[in-house]
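Notes to accompany the following structure.
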Amino acid sequence: ESERVGWWEALHRASERDLGKSPEDVPNVATHLSRHIVWMCSGETVIYLVGTGIYDEITLAEAAATLVAVIKLICKTKSVTIALVLANLGKVCLAVDQMIFAGEIERMNVESIYKSIKLKQASK
Numbered sequence: 002e003s004e005r006v007g008w009w010e011a012l013h014r015a016s017e018r019d020l021g022k023s024p025e026d027v028p029n030v031a032t033h034l035s036r037h038i039v040w041m042c043s044g045e046t047v048i049y050l051v052g053t054g055i056y057d058e059i060t061l062a063e064a065a066a067t068l069v070a071v072i073k074l075i076c077k078t079k080s081v082t083i084a085l086v087l088a089n090l091g092k093v094c095l096a097v098d099q100m101i102f103a104g105e106i107e108r109m110n111v112e113s114i115y116k117s118i119k120l121k122q123a124s125k
């Protein structure tokens, strides 16, 4: 629990000076304990990604942009709100599941991820 609180504090410290000031859908970068932190604001939401090794700032920024683009498709909006994310939480979780498997980023094609979500829903 204390480690999780420590990470929330680290994420907040890394992003606090830029939150609300940076343009929408533009990745921001920081480091903490040799880990890369990328966050992206879209509407009233903030997406945080943290990585090390092969998951450098560029890879994480691309993954954040992909995730935001997929969320916008899922929510059928240009500006992501917390209410829309919560209303479509199952689909958003499927998007993350399609992108990341066993801690590894596997897919970053927006259309491919979105189509696979639609196929999973159709098969239910």
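Last residue of the sequence shown: number 125 in my numbering, and the count goes up by one each step with no gaps. We treat Cβ as the ideally placed atom computed from N, Cα and C, and that holds for glycine. The structure presented is a predicted model; accordingly, all values stated were derived computationally and were not measured.
*Of the residues Ala123, Ile106, Lys119 and Asn110, which one's Cα is nearest the Cα of Leu50?*
Stepping through the sequence shown from its first residue, residue 50 is reached at position 49. Comparing Cα positions, the closest option is Ile106.
_When you compare the CB positions of Ala15 and His33, do they come within less than 8 Å of one another, or not?_
On the sequence shown, position 14 is the one that residue 15 refers to. On the sequence shown, position 32 is the one that residue 33 refers to. Taking 8 Å as the Cβ cut-off, Ala15 and His33 qualify as a contacting pair.
*Just the Cα atoms here: how many angstroms apart are Ile75 and Ile83?*
To locate residue 75, count along the sequence shown from 1; it is residue 74. To locate residue 83, count along the sequence shown from 1; it is residue 82. Spanning the two alpha carbons is a distance of roughly 13 Å.
*What first and last residue would you give for the alpha helix (DSSP H) that runs through Ser113?*
Residue 113 sits at position 112 when you count from the first residue of the sequence shown. Segment Val111 to Ala123, the alpha helix (DSSP H) holding Ser113.
*Once you ignore the five residues that flank Ser80 on each side, which residues in its own chain have a CB closer than 6 Å to its CB?*
On the sequence shown, position 79 is the one that residue 80 refers to. Cβ neighbours of Ser80 beyond the five flanking positions: Gly44.
_Could you compute how far the alpha carbon of Asp26 sits from the alpha carbon of Val71?_
Against the sequence shown, residue 26 aligns to sequence position 25. Against the sequence shown, residue 71 aligns to sequence position 70. Between Asp26 and Val71, the C-alpha separation is close to 12 Å.
*Taking Trp8 as the reference, which of His37, Val97, Asn29 and Ala65 has the closest Cα?*
Mapped onto the sequence shown, residue 8 falls at position 7. Among His37, Val97, Asn29 and Ala65, the Cα nearest to that of Trp8 is on His37.
*How about Met41 and Ala11: do their beta carbons lie closer than 8 Å?*
Translated into positions along the sequence shown, residue 41 becomes position 40. Translated into positions along the sequence shown, residue 11 becomes position 10. Cβ distance not < 8 Å, so Met41 and Ala11 don't count as in contact.
*First and last residue of the alpha helix (DSSP H) that includes Ile75?*
Taking the sequence shown and counting its residues from 1, one reaches residue 75 at position 74. Run containing Ile75: Glu58 to Cys76, per the alpha helix (DSSP H) assignment.
*For Ala64, count neighbouring Cβ atoms within 10 angstroms of its own Cβ and tell me buried if that reaches 16, exposed if not.*
Numbered from 1 along the sequence shown, position 63 holds the residue referred to as residue 64. Label assigned to Ala64: buried.
*asked:* Can you give me the C-alpha to C-alpha distance between Leu77 and Gln99, rounded to a whole angstrom?
replied: In the sequence shown, residue 77 corresponds to position 76, counting from 1. In the sequence shown, residue 99 corresponds to position 98, counting from 1. Just to set this straight, residue 77 is Lys in the shown sequence, not Leu. C-alpha separation (whole angstroms): 19 Å.
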